[in-house]
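First the structure, in the form of structure tokens, and then the observations on it.
In our numbering, the protein residues as written are 4 to 356.
Right under this line is the structure:
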């Protein structure tokens with residue numbers, strides 16, 4: 004492991020799914036052996052679209068689920084530091100320092116923000132959502148991360164971070180690394196309904212925590228070739244969600260090739276194709292289920308991991324914010340005022356009758 008750092012994470016809005024895995028988690032599992040790893044539980048980001056008292060009341064439960072999902076997927080708690088974003092107020096201070104280094108028109112060009120607002124049912128863009136990439140820059144730079152493995156939706160966000168880091172360094176001296184984006188092999192995964200990406204809010208998902216029976220039910224209901232009303236009608240493989248999932252999750256390449264050939268020839272039904280996909284996904288998830296059971300049986304362990312990680316991260320962030328303030332001259336400005344105030348106080352005391 005080098006002395007370089009990786010930062011990534013998720014909003015605590017529910018359990019993680021296969022889309023999260025292919026979009027980012029698989030990279031995290033690999034990169035944790037190469038980089039010092041920080042994994043954020045981004046509950047302040049959650050507030051941009053989910054900010055009712057009911058939403059906030061679910062944060063601790065969702066945070067535990069997220070961490071458990073990550074451990075089950077292969078994240079080693081000895082190599083990764085999990086932390087709760089809202090428990091580190093210094094992150095918001097860094098956000099305040101950064102917000103003047105980027106313009107509103109620049110943020111309005113980030114394509115995913117409008118999509119996030121639409122998916123959340125927002126008719127107008129909340130101020131916090133427009134500033135989402137700036138807070139994300141604070142998240143990344145508050146631990147001086149060098150790499151950021153993210154899904155396709157966050158590519159533009161990381162570019163804003165890179166611009167802010169360069170701008171800060173130009174104005175105030177070299178303070179932050181300019182982080183590199185690490186793309187996944189499968190940037191997005193189509194939902195089980197065939198309508199856009201896999202999304203918790205839509206419900207077109209297969210969760211990493213699903214039981215074998217849950218997986219079979221979800222796969223059985225998957226969207227497939229709508230023109231194929233009988234098994235003896237030649238079907239389309241390209242763009243077919245069932246075969247997209249076979250390509251990603253089925254470890255039996257010969258089986259996938261055979262299914263594709265017979266599907267195109269009208270010699271296999273959707274039931275068989277889906278049954279074999281469900282079996283493949285369950286083979287993929289079985290090791291995660293074993294790891295999940297191992298961590299679940301240790302009562303309170305996940306809570307300890309989050310609390311210890313948060314306390315460790317806060318110490319790191321406090322130092323980074325001090326360095327940023329010092330680079331900008333904010334620390335010197337207050338120190339000058341404080342010293343002059345102290346001299347004035349002593350002068351009054353010395354001249355008092």
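The C-beta atom is built at its ideal place from N, Cα and C for all residues, glycine as well. As the structure is a computational prediction, the values presented were derived from the model and not from experiment.
Here the C-alpha atom of residue 11 lies approximately 12 angstroms from the C-alpha atom of residue 158.
The criterion of a C-beta distance shorter than 8 angstroms is not satisfied by residue 146 and residue 326. In the three-state DSSP reduction, residue 312 falls in the helix class (H, G or I).
Distances from the alpha-carbon of residue 197 to those of 228, 173, 67 put 228 closest. Around the beta carbon of residue 284, 16 or more other beta carbons sit within 10 angstroms, so the residue counts as buried. The C-beta distance from residue 51 to residue 175 rounds to 28 angstroms, too long to meet the 8 angstroms contact threshold. About 18 angstroms separates the beta carbon of residue 40 from that of residue 90, a gap too long to meet the 8 angstroms contact definition. In this chain, residue 12 is not harboured by any alpha helix (DSSP H); it is covered by the beta strand (DSSP E) spanning 8-13. Put simply, of 269, 116, 73 the residue whose alpha carbon is nearest the alpha carbon of residue 237 is 269. Residue 138 is a Cβ neighbour of residue 47, given a cutoff of 8 angstroms. Straight through space, the alpha carbons of residue 263 and residue 278 are spaced by roughly 14 angstroms. Nearest Cα to residue 226 within the set 57, 20, 245: 245. The C-alpha of residue 73 is placed about 19 angstroms away from the C-alpha of residue 315.
When the five nearest sequence neighbours on each side are left out, the beta carbons in the same chain lying within less than 6 angstroms of the beta carbon of residue 97 are those of 141, 145, 324, in order along the chain. In this structure, residue 13 places its C-beta atom within 8 angstroms of the C-beta atom of residue 45.
Per the DSSP secondary-structure output, residue 210 pairs in a beta bridge with 20. By the CB criterion at 8 angstroms, residue 194 and residue 203 fall outside the cutoff. Cβ-Cβ distances below 6 angstroms link residue 333 to nothing in the same chain once the five nearest sequence neighbours on each side are left out. DSSP places residue 164 in the uninterrupted alpha helix (DSSP H) bounded by 158-175. When DSSP states are grouped into helix, strand and coil, residue 248 belongs to the helix group. The residue among 17, 6, 21 with its C-alpha nearest the C-alpha of residue 209 is 21.
If you keep only unbroken alpha helix (DSSP H) runs of at least 4 residues inside the stretch 79-108, you get 93-101. Residue environment analysis places residue 152 among the buried positions, since at least 16 neighbouring C-beta atoms fall within 10 angstroms of its C-beta.
Excluding five sequence positions before and after residue 205, the CB atoms of its chain that fall closer than 7 angstroms to its own CB belong to 194, given in chain order.
Spanning the alpha carbons of residue 222 and residue 281 requires a straight line of approximately 6 angstroms.
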